[in-house]
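Taking this note's numbering, the leading residue of the sequence shown gets 290, the next gets one more, and so forth.
The beta-carbon is built from N, C-alpha and C at its ideal position, and this holds for glycine as well.
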Amino acid sequence: MTHAAPTKDLHELARRISEGCTECRSCQFRCAFLNEHGTPKALADRFLTTGTGRVVAFECSLCGLCAAVCPMGLPLTSFFLAMRRAAMDAGRVSLIPFRPRLNYERFGASRVMELFQIPPGADTVFFPGCTFPGNHPETARALLDHLRGHVPGLGLVLSCCFKTSHDLGRREFFERRFGRLNAKLKAMGVKTVLTACPNCFGVFAEYGDGLAVRTVYDVLAENPPSVDAALRGTAIVHTPCPFRGHGQIQERIRLMVAGTGLEPQKTRQDGALSPCCGEGGAAGMLRPELAAAWGDKTAKKAAGNVVVTSCAGCVNFLSQHVRTVHLLDLIFHPARTMTGSLPRPRGLATYLHRLLFKWRTVFNLR
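Pasting the structure below:
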């Protein structure tokens with residue numbers, strides 16, 4: 290398995306950014322982290338001259354907005370990830386602040402939670418991710434039923450993609466655990482993974498050697514569910530960070546929002562320019578105020594409109610700042626989603642619903 294920004298390449302990345310960054314501040318004025326700590330050139334120069342500054346990258350959300358707006362096309366996200374990896378390799382970072390997220394990751398890949406339900410001869414599996422089945426249980430079941438009605442022999446895999454460890458710079462752990470998952474899927478004959486989670490999509494797209502990855506929105510666009518309710522009103526579409534560089538997915542999602550009857554409003558922060566929700570990179574575990582700044586940006590952009598996103602994690606974080614709903618909830622339960630009557634479990638209840646999703650599948654229960 291290869292990785293995007295190996296620790297050994299940190300010096301090369303820093304030199305490239307030091308030489309290429311014009312300090313135009315196009316990224317800086319959009320990002321509270323860079324606004325506080327300086328331009329990418331300043332951070333790269335600090336590392337090259339003093340060998341310090343690696344730990345500060347754990348306050349970056351790794352959202353990729355800086356790279357998206359950089360007129361020089363610099364690999365800024367790779368640079369900050371490489372800084373995290375170098376700090377982790379050097380033992381400069383305590384994992385204690387990140388334990389809640391790491392425990393969540395560990396539970397998702399535990400024997401209690403994991404499931405590999407792949408019929409003989411099947412080559413496509415649905416990989417819903419960790420958060421979606423627990424936080425949106427009714428929609429998760431409806432989506433699985435719909436997918437099985439249109440993808441013959443569809444399998445179901447419940448596990449974790451280890452994005453948290455990836456972003457924390459735990460390179461060897463991530464490569465070992467995700468590599469094991471990837472190898473197991475291929476050994477079971479899987480060729481295509483359908484994801485409901487943008488983070489899972491991003492991980493499989495970059496590291497899923499030998500596997501094709503598609504979003505469930507591809508299948509839904511080809512085979513839309515029949516829903517009677519037609520909504521009215523306006524909405525803002527929030528693009529999850531892993532979809533930032535995927536214009537076709539962004540457009541498909543906007544069309545699906547419009548298909549519910551809601552009218553997506555255009556802003557100057559749409560698509561590739563969408564701000565992070567605040568969850569990215571687990572930065573909020575160290576600097577909650579920086580994470581909250583992202584949510585405030587989205588709330589300001591929404592200007593009173595409901596925010597629609599395709600990421601369960603984004604729904605959780607943005608809901609602290611502005612009314613936010615999941616697109617899949619809108620597609621399968623439009624009226625109840627907009628009235629707020631569709632159950633959205635919280636806290637420990639989400640773990641129970643994840644287990645119920647597994648057990649209902651194993652025992653074919655409704």
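Please classify residue i as buried or exposed, where buried requires at least 16 neighbouring CB atoms within 10 angstroms.
i: W690; result: Limits of the chain in this structure are 290 at one end and 655 at the other, which puts residue 690 out of reach.
i: A293; result: Confidence at A293 is low in this model, with a pLDDT of 45, below 50, so the placement of that residue is unreliable and no value is reported for it.
i: S563; result: buried
i: C313; result: exposed
i: T291; result: Any reading at T291 needs caution, since the residue's pLDDT is 41, under 50, leaving its predicted position unreliable; the model's value is listed next. T291 should be labelled exposed.
i: I385; result: exposed
i: K480; result: exposed
i: G410; result: exposed
i: L363; result: buried
i: N653; result: exposed
i: E568; result: buried
i: V401; result: exposed
i: S383; result: exposed
i: F318; result: exposed
i: V345; result: buried
Report the option in the options whose CA atom is closest to the CA atom of residue i.
i: C359; options: E403, I385, I306; result: I306
i: G309; options: F347, L365, G340; result: L365
i: R374; options: F347, K586, L551; result: F347
i: S608; options: P623, R633, A624, H622; result: R633
i: M377; options: L637, F467, G342; result: G342
i: C320; options: E578, A601, V614; result: E578
i: F387; options: A429, D434, M574; result: M574
i: A601; options: I538, R503, A429; result: A429
i: S448; options: D412, G478, F493; result: F493
i: T613; options: L637, R335, D585; result: D585
i: A379; options: R460, C316, F451; result: R460
Within this structure, are the beta carbons of residue i and residue j separated by less than 8 Å?
i: V440; j: V508; result: yes
i: P329; j: C355; result: yes
i: N471; j: G497; result: yes
i: L370; j: L351; result: yes
i: V516; j: I620; result: yes
i: A572; j: G550; result: no
i: V505; j: L457; result: no
i: R304; j: L337; result: yes
i: A591; j: V604; result: no
i: F416; j: V446; result: yes
i: A249; j: R466; result: With the chain running from 290 to 655 in the structure shown, residue 249 is simply not present.
i: K647; j: L483; result: no
i: L299; j: M361; result: no
i: P487; j: P514; result: no
i: G570; j: A485; result: no
i: I542; j: L432; result: no
i: G285; j: G536; result: The question about residue 285 has no answer here: the residues shown for the chain are numbered 290 through 655.
i: L474; j: S367; result: no
i: E394; j: S454; result: yes
i: T523; j: E495; result: no
So what does residue i bridge to, in DSSP terms?
i: P553; result: A524
i: F421; result: Bridge partners of F421: none, in fact.
i: Q406; result: L445
i: H615; result: T598
i: A501; result: T481
i: V382; result: Per DSSP, none; premise fails for V382.
i: F416; result: T484
When you measure from the CB of residue i to every non-hydrogen atom of the ligand HEM, does any distance come out below 7 Å?
i: L579; result: Ligands displayed in this structure: none; no statement on the ligand HEM is therefore possible.
Is there contact between the region 518-530 and the region 586-605, where contact requires at least three CB pairs shorter than 8 Å?
-> yes
Does the pairing of the region 636-644 with the region 420-430 give three or more beta-carbon distances under 8 Å?
-> yes
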